[in-house]
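Student: Mind looking over this structure? Questions follow.
Numbering (the numbering used here), first residue to last: 67 to 983.
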């Protein structure tokens with residue numbers, strides 16, 4: 067007999083060990099008959115080696131595991147390939163902090179080789195944390211194939227790709243603007259930049275026009291916006307939030323259609339402090355409606371200005387060093403007093419000087435977004451520096467065409483727009499990082515600055531001999547590659563490329579990729595580019611499934627500072643992995659998933675419902691029977707549940723195949739809770755408890771066997787979503803009846819024939835279910851006490867209904883909680899009527915409820931709904947609320963309105979019935 071409850075804390079480690087020991091995580095052996103459709107492969111988005119399981123990981127890996135388990139049970143050779151990312155900047159930071167905490171010398175004092183050795187030591191000790199946590203979630207990855215983006219095989223792949231792209235002219239070195247982190251002394255990607263709102267200001271500076279030039283500037287306007295008064299000016303006003311960058315200004319931009327400044331285009335201003343003569347240029351970037359309409363241009367310290375500078379042919383002057391300090395290295399006209407000054411100290415000094423010299427015209431306080439390093443927390447500086455780049459524009463074209471032509475599809479399809487927009491406007495990809503932990507760039511420099519790109523130093527020396535008569539000292543580039551570079555090779559490098567391996571032959575291209583929307587361009591697009599370039603034009607995956615973002619129950623982003631983070635490991639400790647997984651699946655159909663612990667607890671109750679149903683079945687001797695054939699069942703309820711199970715199987719299979727995990731979970735929930743537990747087992751009780759006549763014994767035997775068979779098929783359907791509790795029930799229920807062949811995980815997915823759906827049984831039980839449902843709903847609406855059993859009458863039923871009444875009399879009396887069942891020519895006095903199955907049914911409530919009190923209750927509750935509806939309508943009718951409130955808040959109000967209107971309509975119907983008594 068099953069224990070009273072399932073104990074996940076004890077069961078989950080034991081069950082997971084059984085799965086691993088079984089070898090089922092690895093792809094099954096190849097068969098001679100296998101074709102491309104018999105393999106299913108998916109690569110895990112590699113989590114950072116420094117990471118711990120967060121709720122986003124829980125969502126993403128639950129969905130992948132559902133796919134892997136489903137296709138495995140469908141008989142396919144499944145490869146779910148796991149691994150971790152070396153996470154350059156994050157890992158280097160963790161180890162540097164660890165060294166500091168232990169009182170060790172810093173990274174630079176330690177030296178590169180010794181520091182890298184320390185990082186490898188840290189990885190050996192602590193780098194497996196997230197992999198162990200993924201196991202706790204139930205992830206059925208093939209751990210024997212686990213990869214690391216810095217392992218030897220991937221290192222070889224990265225070097226080969228870099229060298230080949232360099233030969234193809236698609237990797238080159240250039241001086242361009244990057245996101246520079248002055249703390250870590252490295253370029254970082256956009257994904258590593260966090261925009262924070264800060265208190266700041268626009269400082270309005272007056273730049274003096276050169277060569278004695280003046281112009282008429284409008285100062286007053288009529289009601290049509292036409293200038294009516296002018297003043298003569300010998301200056302132009304610009305505004306900036308970063309006064310320190312003015313030292314690098316090389317131009318002022320105005321809009322070409324701005325009438326105020328048309329006559330100044332081509333003229334010059336003299337830059338304060340430096341005395342530098344810089345031109346006024348026309349460019350669409352300048353917005354006439356903002357500020358003065360004139361914009362200072364600092365090409366070396368602003369991404370927009372960099373673009374203006376290129377279009378206008380302006381010089382790009384670096385006025386900061388790698389630490390964010392002012393330097394005159396490129397700009398000798400910067401006074402020596404600013405040399406070495408921190409950028410924020412320089413800001414104060416420049417503002418003070420502007421005020422003192424009279425060219426500060428206004429300080430406009432504002433709140434604005436400022437980029438910060440997500441790891442360092444310091445303000446990021448756009449900075450001109452020499453870096454390595456990939457010609458992403460060229461590589462993007464095949465990747466664009468592949469999605470346009472449908473070789474790779476996105477689910478939901480709407481995410482293709484993000485993919486297209488980024489690739490069609492793609493910029494060169496900066497791939498070098500000024501770090502030590504990572505793939506060191508395979509480029510060596512000769513004594514005269516020549517660059518030799520090669521897979522090994524030996525190959526680089528061979529190249530150098532063409533420039534020198536004898537061997538010379540070569541110095542390898544100090545930089546490492548962007549972490550996303552090695553990740554871009556993940557689908558094929560993890561399967562052994564550049565070697566021609568069996569895994570590549572069998573599992574590439576992969577079937578699906580499950581990932582988040584925020585890395586469509588950082589990772590998905592780059593995998594497409596690299597995969598198509600190096601794998602003969604083949605896409606790396608046929609389908610990209612984008613999962614949503616998990617937020618708190620109010621729709622707010624989770625953050626430690628808000629205290630609204632849900633830790634999946636705490637949930638697993640307290641409630642088990644299955645409720646968390648089921649919650650992730652059933653909520654996965656939206657872009658923003660609103661999650662609360664209470665929802666997860668609700669789906670724990672779902673697991674408990676199934677456990678109790680299995681226990682109830684055991685108590686009623688429902689055991690598996692050797693040779694039982696569900697096609698031969700005779701009892702109406704058994705033919706009905708067979709059909710309902712068949713429909714559920716179709717729904718679940720179609721939903722998982724389509725990547726609609728919410729639909730799959732919803733179908734499972736409805737079948738298990740609403741159909742099997744709430745109705746089938748209730749309808750089976752009279753059979754289980756019936757008299758011991760020959761006919762009744764046959765019905766009992768059939769219903770017991772059908773119950774056991776249905777539970778088995780249900781466990782198979784639910785297993786991909788809730789693997790632990792289903793595996794435990796499979797083992798425990800297998801102790802009786804024919805011996806099991808093995809683990810549930812290795813079972814075949816049920817594919818039930820259409821003939822299992824029995825129309826007559828469906829109509830018969832459907833009629834009964836609808837009738838009982840109507841009675842229960844009416845009792846609830848009319849506030850009938852649970853203990854009360856009012857009489858029920860059918861008004862002039864037809865012959866078929868009369869037969870059904872006779873057949874199901876006992877069930878109607880028991881499940882409907884009614885005292886008697888009659889057939890009448892007219893509805894009795896004091897009865898509330900409703901229509902069910904085409905027949906008029908009357909429930910007599912006279913003397914059972916207090917009509918006056920009930921009328922008052924309903925009117926009061928309707929008034930409360932009216933108040934709620936009025937309040938919400940007022941909000942939604944306010945254009946300011948709808949335009950300014952967060953979308954999730956507006957959606958919440960609309961849902962609240964719909965719920966209130968539905969509740970009001972239900973109560974109004976009840977009141978109308980009451981008034982008819």
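Ideal Cβ placement from N, Cα and C applies to all residues, glycine included.
Return yes when the Cβ of residue 953 is within less than 9 Å of the Cβ of residue 911, no when it is not.
Tutor: No; because the gap between Cβ atoms is not below 9 Å, this pair is not in contact.
Student: Taking DSSP's pairing of strands, which residues face residue 453 in a bridge?
Tutor: According to DSSP, which records beta bridges pairwise, residue 453 is partnered with 240.
Student: Mind checking which residues open and close the beta strand (DSSP E) that includes residue 601?
Tutor: First-last for residue 601: undefined, no H or E at that position.
Student: Would you identify the three-state DSSP class for residue 669, choosing helix, strand or coil?
Tutor: Three-state result, residue 669: helix.
Student: For residue 577, which of helix, strand or coil comes out of DSSP?
Tutor: Residue 577: strand per DSSP, three-state reduction.
Student: Quick one: grab the DSSP three-state call for residue 298.
Tutor: DSSP places residue 298 in strand when its eight states are reduced to three.
Student: Which full runs of the beta strand (DSSP E) of 3+ residues lie inside the stretch 78 to 115, going along the chain?
Tutor: Here the runs fully enclosed are 105 to 109.
Student: Take the Cβ of residue 123 as the centre, count every other Cβ of all protein chains shown within 10 Å, and call the residue buried at 16 or more, exposed below.
Tutor: Buried is the call here.
Student: Counting only runs of 4+ residues fully inside the stretch 764 to 821, write out the alpha helix (DSSP H) ranges in chain order.
Tutor: DSSP runs (the alpha helix (DSSP H)) wholly in the stretch 764 to 821: 789 to 799.
Student: I'd like to confirm the pairing. Which residues does DSSP put opposite residue 274 in its beta bridges?
Tutor: Note: residue 274 sits in a beta bridge opposite 301 and 336.
Student: Is the beta carbon of residue 657 closer than 9 Å to that of residue 583?
Tutor: Yes, they are a contact pair.
Student: Which residue or residues does DSSP assign as beta-bridge partners of residue 426?
Tutor: According to DSSP, residue 426 bridges with 271.
Student: For residue 701, which of helix, strand or coil comes out of DSSP?
Tutor: The answer is coil: DSSP assigns residue 701 none of H, G, I, E or B.
Student: Along the chain, where does the alpha helix (DSSP H) that runs through residue 618 open and close?
Tutor: Element bounds for residue 618: not the alpha helix (DSSP H) but the beta strand (DSSP E), 615 to 618.
Student: Where does the unbroken beta strand (DSSP E) through residue 908 begin, and where does it stop?
Tutor: Unbroken beta strand (DSSP E) run through residue 908: 905 to 910.
Student: Going by other Cβ atoms of all chains shown within 10 Å of its Cβ, with 16 needed for buried, is residue 26 buried or exposed?
Tutor: This structure leaves residue 26 out entirely; the chain is present only between 67 and 983.
Student: Hey, could you find the ends of the alpha helix (DSSP H) residue 844 is sitting in?
Tutor: Note, residue 844: alpha helix (DSSP H), 825 to 847.
Student: Once the 5 residues before and after residue 162 are set aside, which same chain residues still bring their CB inside 8 Å of it?
Tutor: Only 172 and 173 meet the Cβ criterion.
Student: For residue 220, count neighbouring C-beta atoms within 10 Å of its own C-beta (all shown protein chains included) and say buried if the count is 16 or more, exposed if not.
Tutor: Flag for residue 220 reads buried.
Student: Quick check: the Cα distance between residue 797 and residue 84, rounded to an integer number of angstroms?
Tutor: Rounded to whole angstroms, residue 797 to residue 84 spans 12 Å at the Cα level.
Student: Output the distance between the C-alpha atoms of residue 357 and residue 472, rounded to the nearest integer angstrom.
Tutor: Going by the C-alpha atoms only, they are around 47 Å apart.
Student: Going by alpha carbons, who is nearest to residue 234 out of 716, 501, 457 and 371?
Tutor: The shortest Cα separation from residue 234 among 716, 501, 457 and 371 belongs to 457.
Student: Any idea if residue 901 is buried or exposed, counting beta-carbon neighbours within 10 angstroms, 16 or more meaning buried?
Tutor: Exposed, since its Cβ has fewer than 16 Cβ neighbours within 10 Å.
Student: If you reduce the DSSP assignment to three classes, tell me which class residue 492 lands in.
Tutor: If DSSP states are grouped into helix, strand and coil, residue 492 belongs with coil.
Student: Could you check which residue in 152, 680, 446 and 128 has the C-alpha nearest to that of residue 146?
Tutor: Residue 146 has its Cα closest to that of 128, out of 152, 680, 446 and 128.
Student: Closest Cβ-Cβ distance between residue 653 and chain C: below 9 Å?
Tutor: Structure shown: chain C not included; a single protein chain is present.
Student: Any idea if residue 444 is buried or exposed, counting beta-carbon neighbours within 10 angstroms, 16 or more meaning buried?
Tutor: The residue is exposed, with fewer than 16 neighbouring Cβ atoms inside 10 Å.
Student: Kindly give me the distance between the Cβ atoms of residue 935 and residue 909, rounded to whole angstroms, as I take these residues to be in contact under 8 Å.
Tutor: That belief does not hold up - the Cβ atoms of residue 935 and residue 909 are roughly 29 Å apart, past 8 Å.
Student: Helix, strand or coil for residue 438 per DSSP?
Tutor: Note: residue 438 maps to strand in three-state DSSP.
Student: When DSSP labels each residue in this structure, what does residue 245 get in the three-state scheme?
Tutor: Note: residue 245 maps to strand in three-state DSSP.
Student: With a threshold of 6 Å on Cβ separation, who are the neighbours of residue 665 within its own chain once the five nearest residues in sequence on each side are excluded?
Tutor: 649, listed in sequence order.
Student: Give me, in chain order, the residues of the same chain whose beta-carbon lies closer than 7 Å to that of residue 731; leave out the 5 immediate sequence neighbours on both sides.
Tutor: Counting only Cβ-Cβ distances below 7 Å, and skipping sequence neighbours, we find 648, 651, 652 and 787.
Student: Let me check understanding here. Comparing Cα to Cα, which of 762, 806, 765 and 761 lies closest to residue 778?
Tutor: Considering only alpha carbons, the answer is 806.
Student: How many Å lie between residue 815 and residue 165 at the Cα?
Tutor: Those two C-alpha atoms are separated by around 52 Å.
Student: Is the beta carbon of residue 270 less than 9 Å from the beta carbon of residue 303?
Tutor: The answer is yes: Cβ separation under 9 Å.
Student: Under a three-way DSSP split, which group does residue 505 fall into?
Tutor: It is coil, neither helix nor strand.
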